[in-house]
Ligand SMILES: Cc1cc2nc3c(=O)[nH]c(=O)nc-3n(C[C@H](O)[C@H](O)[C@H](O)COP(=O)(O)OP(=O)(O)OC[C@H]3O[C@@H](n4cnc5c(N)ncnc54)[C@H](O)[C@@H]3O)c2cc1C
Ligand code: SF4
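Residue numbers (the numbering used here): 7 to 603.
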């Protein structure tokens, strides 16, 4: 049975006359987790998702070969994916002045774009304004988890207590010990593959079978060990051993589709919110889902000032409805959640709901990307081809800067993601000179001998890095859009220089011939790891939420996505988003039971 049919058959009818125990806005990593946890506590939940229910398995066609597709997987010629140059030279809204019928973010420029054109948003319908920013959005059931890269890392006290370490920014109102049991729950419920390394700054998960490193990666790992640095197999949010408690997901069979497409796994070995969280939540009988429902405003009870529900627009008909809830849980993703709260103005909350501090939209942070390196492992040239496509990731090189050392030019740190080995298409083919059989032999001989890696670094949270509501521009549904006022600073630029220099040192030390080093910084937003627009804290004047992601101002309002993060760390955020959401929703359910909300 297709996923869509499963969802249709499982769900109760939406009843807008009823007051739900909780309304959750957004169905990605955060909203899916909220739906799972709250329904498992017996609460009656209405999940509002702006996007459609897509028949994702039919969309992804994970086992289709390039030659079975009429354009070898490419999207139609009337569609255009924004390039790096367009993001830097032009100003948003990026679809303006473009002839193409459909305009997509850079992610659609990757191979196999036809398989994700219905997953990422069309910039024509979803404009934004302000400073340059590559904003990747997925408006459909499950949000970005349908195509995420699945690198699933924990944060440590080096992140949660970063201010205590280097005196910059704010500490989080929690420590690692508060969230560790919830990381464990996420690991066990969703599955994660990896190897224990006992690093205090990159805590281990409860891992399933790891992904094997290639010869080149092992060589690099051994060399790095001598430098006291750790390269570990990709910590993938993928079940490699299977999950007995989840009938909607298979274990990873390593069919290689991960490396061929923008993302997505049609057997759902890779975590996605619909099969990992939403379908199991529906099985409790406590979840009602309404897709095509764009939350426009969080409504307020004029006597208490508390949230009373959510008014939303039907994305297909344009009609506005109102749903009533005793609690509202916002999980529309970092930037959309800020937009929704800023749009929710009333006489009691004139700056937007939960915004007495004026901090919503501020302290916006993420990861800086760009510097990367490619090298050649000479002893692999001419060796028989190996099957390296069939895995959900390759390797991660953990942070090593500003742990015990103090870098003179920047604070915080970065890690590298990388890969090597043979793949379905030999990346060296276009750069190899010649023709005929000697050309083909050359391409084959070298195809599996390359190794590359690129860095992800922490962008500091700064009050002045901010989004607000554009006073004039609206989206297709007449909803005012976000305006960006966001730039990388000096710390990020200095860090990026170190990334490129250090990558060279690392490859040289390992005896890997350097083929190319890029020092270019990619446009803001490229990492797709937006964080911090409604941060947690203990001081109501400088933060929006408490340690349980509960609004300081409105006690029945929770914001459980990355907007709550106090700093970005350099580790990818999704596992932390879900662990925090689980912790907060346990608290919410307990308070609800006690009648304290
Ligand atoms: C290509 C790619 C690779 C990535 N790789 C990694 C990785 O390797 N590791 C990692 O940790 N993270 C990765 N990420 C990021 C990861 O996907 C996000 O951190 C995660 O999905 C965030 O979850 P979320 O629930 O906050 O947002 P989303 O998953 O974006 O879900 C938000 C949902 O809310 C809905 N919504 C928005 N506005 C409204 C509204 N007004 N009303 C109702 N619904 C609304 C959206 O349609 C969407 O379904 C990647 C992302 C992409 C796109
Ligand atoms: S390699 Fe594994 S996780 Fe990736 S698409 Fe294939 S089965 Fe899914």
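Beta carbons: idealized from backbone N, C-alpha and C, even for Gly.
Where residue i and residue j are concerned, what is the direct C-alpha to C-alpha distance, given to the nearest angstrom?
i: residue 513; j: residue 521; result: 10 Å
i: residue 226; j: residue 69; result: 32 Å
i: residue 679; j: residue 586; result: Nothing can be reported for residue 679, as the shown portion of the chain is limited to 7 through 603.
i: residue 389; j: residue 458; result: 19 Å
i: residue 534; j: residue 64; result: 25 Å
i: residue 159; j: residue 153; result: 17 Å
i: residue 253; j: residue 275; result: 11 Å
i: residue 570; j: residue 464; result: 16 Å
i: residue 156; j: residue 59; result: 21 Å
i: residue 32; j: residue 42; result: 13 Å
i: residue 305; j: residue 132; result: 23 Å
i: residue 519; j: residue 434; result: 15 Å
i: residue 479; j: residue 135; result: 8 Å
i: residue 319; j: residue 546; result: 32 Å
i: residue 201; j: residue 215; result: 8 Å
i: residue 77; j: residue 251; result: 40 Å
i: residue 350; j: residue 26; result: 20 Å
i: residue 171; j: residue 371; result: 19 Å
i: residue 549; j: residue 497; result: 23 Å
i: residue 22; j: residue 594; result: 23 Å
i: residue 61; j: residue 124; result: 10 Å
On the three-state DSSP scale, how would you describe residue i?
i: residue 577; result: coil
i: residue 227; result: helix
i: residue 564; result: strand
i: residue 329; result: strand
i: residue 113; result: helix
i: residue 402; result: strand
i: residue 449; result: helix
i: residue 589; result: helix
i: residue 542; result: strand
i: residue 28; result: strand
i: residue 495; result: coil
i: residue 166; result: helix
i: residue 66; result: helix
i: residue 127; result: coil
i: residue 475; result: strand
Check whether the Cβ atoms of residue i and residue j sit closer than 8 Å, and answer yes or no.
i: residue 209; j: residue 240; result: no
i: residue 54; j: residue 296; result: yes
i: residue 298; j: residue 328; result: no
i: residue 473; j: residue 490; result: yes
i: residue 270; j: residue 148; result: no
i: residue 340; j: residue 220; result: no
i: residue 532; j: residue 140; result: yes
i: residue 539; j: residue 300; result: no
i: residue 405; j: residue 421; result: yes
i: residue 317; j: residue 303; result: yes
i: residue 511; j: residue 462; result: no
i: residue 257; j: residue 246; result: yes
i: residue 562; j: residue 603; result: yes
i: residue 588; j: residue 105; result: no
i: residue 599; j: residue 229; result: no
For my contact list, residue i and residue j are in at a C-beta cut-off of 8 Å; report their separation, rounded to the angstrom.
i: residue 456; j: residue 426; result: 6 Å
i: residue 161; j: residue 555; result: Not a contact, Cβ separation roughly 15 Å.
i: residue 120; j: residue 80; result: 6 Å
i: residue 243; j: residue 213; result: Wrong, their Cβ atoms sit about 11 Å apart, outside the cutoff.
i: residue 101; j: residue 333; result: About 37 Å; that fails the 8 Å criterion.
Give me, in chain order, the residues of the same chain whose beta-carbon lies closer than 7 Å to that of residue i; leave out the 5 immediate sequence neighbours on both sides.
i: residue 387; result: 451, 452 and 455
i: residue 292; result: 45, 48, 49, 50 and 51
i: residue 283; result: 38, 39, 41 and 42
i: residue 544; result: 179
i: residue 448; result: 438 and 440
Closer than 6 Å by C-beta to residue i: which residues in its own chain qualify, once you throw out the five before and the five after it? Chain order, please.
i: residue 368; result: 469 and 472
i: residue 347; result: 358, 359, 360 and 366
i: residue 343; result: 336, 565, 567 and 569
i: residue 407; result: 413 and 419
i: residue 287; result: 41, 42, 45 and 293
i: residue 509; result: 379
i: residue 527; result: 376 and 502
Starting from the C-beta of residue i, find all residues in its chain whose C-beta is less than 8 Å away, skip the five residues before and the five after it, and write them out in chain order.
i: residue 308; result: 352, 353 and 354
i: residue 525; result: 376, 377, 502, 503 and 506
i: residue 476; result: 134, 135, 136, 486, 487, 488 and 489
i: residue 218; result: 239 and 397
Is residue i close to chain B? Criterion is C-beta to C-beta, closer than 8 Å.
i: residue 588; result: Looking for chain B here will not work: only one protein chain is present.
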